[in-house]
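In my numbering, the protein residues as written are 25 to 302.
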């Protein structure tokens, strides 16, 4: 595992600061859909130029090997996670801290303030790979309340066979369950839920074009299949902290960013790397 404190790589200050400036309007219908279903999709959030800039930034990050990196599946099953890329590259910083995404997060959550929790790249190379199991994000986070929200941005066209996100609509209302193993060596969410909830288990896959995204609630059940195509699947996930989220401390599992948290248990979740965006 690598340091989270290395200096950023500057692509070009002018280029980085001119990207991700265009606002993106979120409609009342999209807000209502998100709150009812726990997820929502948006088309064309990034321009082709912005997608290319993030792809190039990701290639730089892979070559530099500065960001915290791990295989989520373990055992070489190749679900590559790279964490807090914004610290190491100006393009990722411009993207992850952009008013465009922060305002989308605020609109969907109804929050007045938004802090960045972290960003991450999720890479599924072609060929044999593990699925990302059905899981919730909230059990892995150091937050007491379940209001944090994630933006999953496609950097490639994503089909079901390439590892598109799939959601269980309304599952964000079922409560918080135990974390599941990404190595597939423990009970899954389907084993933990009630018969009534199993009757509502209707996965919805969301195929995306590069530059499209989904947003989902921290309690929403989601999953991706292995990438069985001959092309890598690249996505960038940004996670945001709205109002009313407090630090759970020893009630939750250790997170890679736990050492950077400055809050005491029960206080608003804050840390040296959790930038305020709104």
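The beta-carbon is built from N, C-alpha and C at its ideal position, and this holds for glycine as well.
- Okay, do the segment 184-196 and the segment 237-245 touch, 3+ Cβ pairs below 8 Å being the bar? Judged by Cβ distances under 8 Å, the segment 184-196 makes contact with the segment 237-245, as three or more pairs qualify.
- Task: Work out the CA separation of residue 299 and residue 101 for me, nearest whole Å.
- Result: Residue placement at residue 101 is poorly supported in this model, since its pLDDT is 47, which falls under 50; the coordinates are not used for a value here.
- Message: Under DSSP, the alpha helix (DSSP H) around residue 257 begins and ends at which residues?
- Response: No alpha helix (DSSP H) contains residue 257, which is instead part of the beta strand (DSSP E) from 257-265.
- Message: Using a Cβ-Cβ cutoff of less than 8 Å, which residues in the same chain neighbour residue 79 once the five nearest sequence positions on both sides are dropped?
- Response: These residues qualify, in order along the chain: 179, 258.
- Identify whether residue 159 lies in helix, strand or coil by the three-state DSSP scheme. Three-state DSSP puts residue 159 in a strand.
- Message: Since residue 186 and residue 253 should fall inside the 8 Å C-beta cutoff, what is the C-beta to C-beta distance between them, to a whole number of angstroms?
- Response: Their Cβ separation, rounded to whole angstroms, is 5 Å, which keeps residue 186 and residue 253 in contact under 8 Å.
- Message: Quick check on the DSSP output: the beta strand (DSSP E) that includes residue 189 runs from which residue to which?
- Response: Per DSSP, residue 189 belongs to the beta strand (DSSP E) from 189-191.
- Query: If we call anything under 8 Å between Cβ atoms a contact, is residue 277 one with residue 211?
  - Reply: When the beta-carbon positions are compared, residue 277 and residue 211 stay at least 8 Å from each other.
- Message: According to DSSP, is residue 295 part of a helix, a strand, or is it coil?
- Response: DSSP places residue 295 in the strand class (E or B) of the three-state scheme.
- Query: Grouping DSSP H, G and I as helix and E and B as strand, with all else coil, what is residue 253?
  - Reply: In the structure shown, residue 253 sits in coil (DSSP, three-state: anything other than H, G, I, E or B).
- Item | Residue range of the unbroken alpha helix (DSSP H) whose run includes residue 75 | Unbroken alpha helix (DSSP H) run through residue 75: 72-88.
- Report all residues from its chain with a CB closer than 8 Å to the CB of residue 230; omit the five preceding and five following residues, and keep chain order. These residues qualify, in order along the chain: 63, 65, 188, 189, 190, 191, 238.
- Message: Here's the rule I'm using: 16 or more other beta-carbon atoms within 10 Å means buried, otherwise exposed. How should residue 75 be labelled?
- Response: By the neighbour-count definition (other C-beta atoms within 10 Å, threshold 16), residue 75 is a buried residue.
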